[in-house]
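Engineer: Handing you this structure, nothing more for now.
In the numbering used here, the protein residues as written are 880 to 1278.
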């Protein structure tokens, strides 16, 4: 059992903490409280989030209590991004909308009915100023500066706002309020999670252990999977989109995707990785990964259909034989039946920002009726049977 729970985990702090917590819970005949906190900054979950969620599911299947802490307070103040500036704070309305979207998507991985979902505004909103000062007094500036991005920004004389320094303390206080045994997160959350340990100890409580999962790289093969970088496979993506995106990952990511995104058995993963190292065509392995991912978030039939669609659509090089998604001209925003190419493509692929669409056009990634157009501002006349190819996987026909 403990071997399963430790599989793929990047950091366990302290090293023997998981075994001790499991032993103590068994001795006391109780469930462990496993925490995952998130600020609802963007309403879409992706495979990067699922790496942690699937580990939570393993604990849940063993009978332990999963607690999702929605940062309904912390999202409104703006958290440090781990880069060189703070993330923009959200309105209460945005927080509520995004939180509800997140919660509905959690059911794709964990059993939401057995999950405790709490909002940290319930206890942070009611703190008076003297209580806030008392909480802050438990942490030193030197401890906060151990956080890598704070230290880097301080060294480079890049501004650090006071609310950013407070943020990890508030997140750590969540662990105190819910009496957490184990906090889960990605490796980028290590500092914040250890803050929870410290505050629990200062409140005379047993310290939670920290389990950090690796950060899944995105489709670019470089940065971590992130909606803001447009390199994600979303949990709500349609099967054909999931399949196509998975097939587009760099070959160097195959082993990482096998380990972190599939639910193959340990033996099956070992065999696939061995085959890859022995020279198996990477495309064949990517197809198996893609089908496995779709089976997890949709079903086996959808996985088979998506594979067949990919073979017909992308391994067949003939532009005219592709399957095009029909789009009504009347549903498009336009002026006198014309629209700029960048606006048209943005409307057809609204998951791409206009700046991303503009770059795609300038790099030759757009075709109208089998003709490449590289001027984003070119006016396109909207007429039936116009065929538009956007990137590798977007095929549309105006009707």
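We put the CB at the ideal spot given by N, CA and C, even for glycine.
1. Got a sec, what are the start and stop residues for the beta strand (DSSP E) residue 1219 sits in?
2. Report yes or no: do three or more beta-carbon pairs, one from the segment 1052–1063 and one from the segment 910–917, lie closer than 8 Å?
3. With a cut-off of 8 Å on the beta carbons, I'd call residue 1115 and residue 923 a contact; round off their distance for me.
4. In the DSSP output, which residue or residues are listed as bridge partners for residue 1090?
5. Can you list, in chain order, the residues of its chain with a C-beta nearer than 6 Å to that of residue 1082? Leave out the 5 residues immediately preceding and following it.
6. So residue 1221 and residue 1233 are supposed to be a Cβ contact under 8 Å. How far apart are they, rounded?
7. Run the CB neighbour count on residue 934, radius 10 Å, all protein chains shown included, and call it buried at 16 or more, exposed below.
8. For residue 963, count the other beta carbons within 10 Å of its own beta carbon; 16 or more makes it buried, fewer makes it exposed. Which is it?
9. Does the distance between the C-beta of residue 901 and the nearest non-hydrogen atom of the ligand MN fall short of 6 Å?
10. Can you tell me which of 970, 952 and 1250 puts its alpha carbon nearest to the alpha carbon of residue 1005?
11. Where residue 1198 and residue 1134 are concerned, what is the direct C-alpha to C-alpha distance, given to the nearest angstrom?
12. Any idea if residue 931 is buried or exposed, counting beta-carbon neighbours within 10 angstroms, 16 or more meaning buried?
13. Just to confirm before moving on: does the CB-CB distance between residue 1139 and residue 1095 stay below 7 Å?
14. Starting from the N-terminal side, write out each stretch of the alpha helix (DSSP H) that is 4 residues or longer and does not extend beyond the segment 1095–1181.
15. So, is residue 1238 buried or exposed, given that buried needs 16 or more other C-beta atoms within 10 angstroms?
16. Spell out the partners DSSP gives residue 1278 in its beta bridges.
17. Relative to the C-alpha of residue 892, which candidate in 1253, 1064 and 979 has its C-alpha closest?
18. Which first and last residues belong to the alpha helix (DSSP H) in which residue 1051 is found?
19. If the criterion is Cβ atoms closer than 7 Å, does the pair residue 1185 and residue 1122 meet it?
20. Out of 1173, 1188, 1190 and 1189, which one is the CA nearest neighbour of residue 1182?
21. Under a Cβ-count criterion, where at least 16 other Cβ atoms within 10 Å of its own Cβ denotes burial, should residue 1110 be classed as buried or exposed?
22. Using a Cβ-Cβ cutoff of less than 6 Å, which residues in the same chain neighbour residue 895 once the five nearest sequence positions on both sides are dropped?
23. Nearest-angstrom Cα distance between residue 976 and residue 1113?
24. Are the segment 992–1005 and the segment 935–954 touching, with three or more C-beta to C-beta distances below 8 Å?
25. Would you say residue 1051 and residue 1015 are within 7 Å of each other, going by their C-beta atoms?
26. Taking a contact to mean a Cβ-Cβ separation below 7 Å, would you say residue 1266 touches residue 1248 in this structure?
27. Would you call residue 928 buried or exposed, if buried means 16 or more other Cβ atoms sit within 10 Å of its Cβ?
28. Residue ranges of each beta strand (DSSP E) run of no fewer than 3 residues wholly in the segment 977–1001, ordered along the chain?
29. Am I right that residue 1044 and residue 1023 are in contact with their C-beta atoms under 8 Å? What's the rounded C-beta distance?
Structural biologist: So, from the data block:
1. Here residue 1219 refers to the residue found at position 340 when the chain shown is read from its first residue. Residues 1217–1219.
2. They touch, by the three-pair rule.
3. Locating residue 1115 in the chain shown gives position 236, counting from the first residue. Locating residue 923 in the chain shown gives position 44, counting from the first residue. Contact flag correct, Cβ pair sits at about 7 Å.
4. Taking the first residue of the chain shown as position 1, residue 1090 is located at position 211. According to DSSP, residue 1090 bridges with 891 and 1063.
5. Walking along the chain shown from the start, residue 1082 turns up at place 203. Cβ within range, chain order: 1055.
6. Position 342 of the chain shown, counted from the first residue, corresponds to residue 1221. Position 354 of the chain shown, counted from the first residue, corresponds to residue 1233. Between residue 1233 and residue 1221 the Cβ distance is about 6 Å, and since that is below 8 Å, they are a contact.
7. Counted from its first residue, the chain shown places residue 934 at position 55. Flag for residue 934 reads buried.
8. Counting from 1 along the chain shown, the entry for residue 963 is found at position 84. Legend: pLDDT at residue 963 = 43, less than 50; position of this residue unreliable, value from coordinates given subsequently. Residue 963 should be labelled exposed.
9. Among the components of this structure there are no ligands whatsoever, and the ligand MN is therefore not found.
10. On the chain shown, residue 1005 is found 126 positions in, with the first residue counted as 1. For residue 1005, the closest alpha carbon among the candidates 970, 952 and 1250 is that of 952.
11. Residue 1198 sits at position 319 when you count from the first residue of the chain shown. Residue 1134 sits at position 255 when you count from the first residue of the chain shown. Any reading at residue 1198 must be qualified, since the residue scores a pLDDT of 49, below 50, and its modelled position is unreliable; no value is offered.
12. Here the question's residue 931 lines up with position 52 in the chain shown. Buried, since its Cβ has 16 or more Cβ neighbours within 10 Å.
13. Along the chain shown, read from residue 1 onward, the residue named residue 1139 stands at position 260. Along the chain shown, read from residue 1 onward, the residue named residue 1095 stands at position 216. Their beta carbons are under 7 Å apart, which means residue 1139 touches residue 1095 by this criterion.
14. 1118–1126, 1133–1140, 1145–1156 and 1161–1176
15. Translated into the one-based positions of the chain shown, residue 1238 becomes position 359. Under this definition residue 1238 is an exposed residue.
16. Locating residue 1278 in the chain shown gives position 399, where the first residue counts as 1. According to DSSP, residue 1278 bridges with nothing at all.
17. As a first step, residue 892 must be located in the chain shown, where it is residue number 13. The residue with the shortest Cα to Cα distance from residue 892 is 1064.
18. The residue you call residue 1051 lines up with position 172 of the chain shown. 1041–1057 is the extent of the alpha helix (DSSP H) around residue 1051.
19. For the purposes of this step, residue 1185 is identified with residue 306 of the chain shown, where counting begins at 1. For the purposes of this step, residue 1122 is identified with residue 243 of the chain shown, where counting begins at 1. The answer is yes: Cβ separation under 7 Å.
20. In the chain shown, the residue the question calls residue 1182 occupies position 303. The shortest C-alpha separation from residue 1182 is found at 1173.
21. In the chain shown, the residue the question calls residue 1110 occupies position 231. Under this definition residue 1110 is a buried residue.
22. Within the chain shown, the letter at position 16 stands for residue 895. Closer than 6 Å at Cβ, skipping near neighbours: no residue.
23. Stepping through the chain shown from its first residue, residue 976 is reached at position 97. Stepping through the chain shown from its first residue, residue 1113 is reached at position 234. Cα to Cα, residue 976 sits roughly 18 Å from residue 1113.
24. yes
25. The count along the chain shown starts at 1 and reaches residue 1051 at position 172. The count along the chain shown starts at 1 and reaches residue 1015 at position 136. Contact: no.
26. Along the chain shown, one-based indexing puts residue 1266 at 387. Along the chain shown, one-based indexing puts residue 1248 at 369. Cβ distance < 7 Å, so residue 1266 and residue 1248 count as in contact.
27. Locating residue 928 in the chain shown gives position 49, counting from the first residue. Residue 928 should be labelled buried.
28. Segments of the beta strand (DSSP E) lying fully in the segment 977–1001: 995–998.
29. For the purposes of this step, residue 1044 is taken as the residue at position 165 of the chain shown. For the purposes of this step, residue 1023 is taken as the residue at position 144 of the chain shown. The pair is a contact, with the Cβ atoms about 5 Å apart (cut-off 8 Å).
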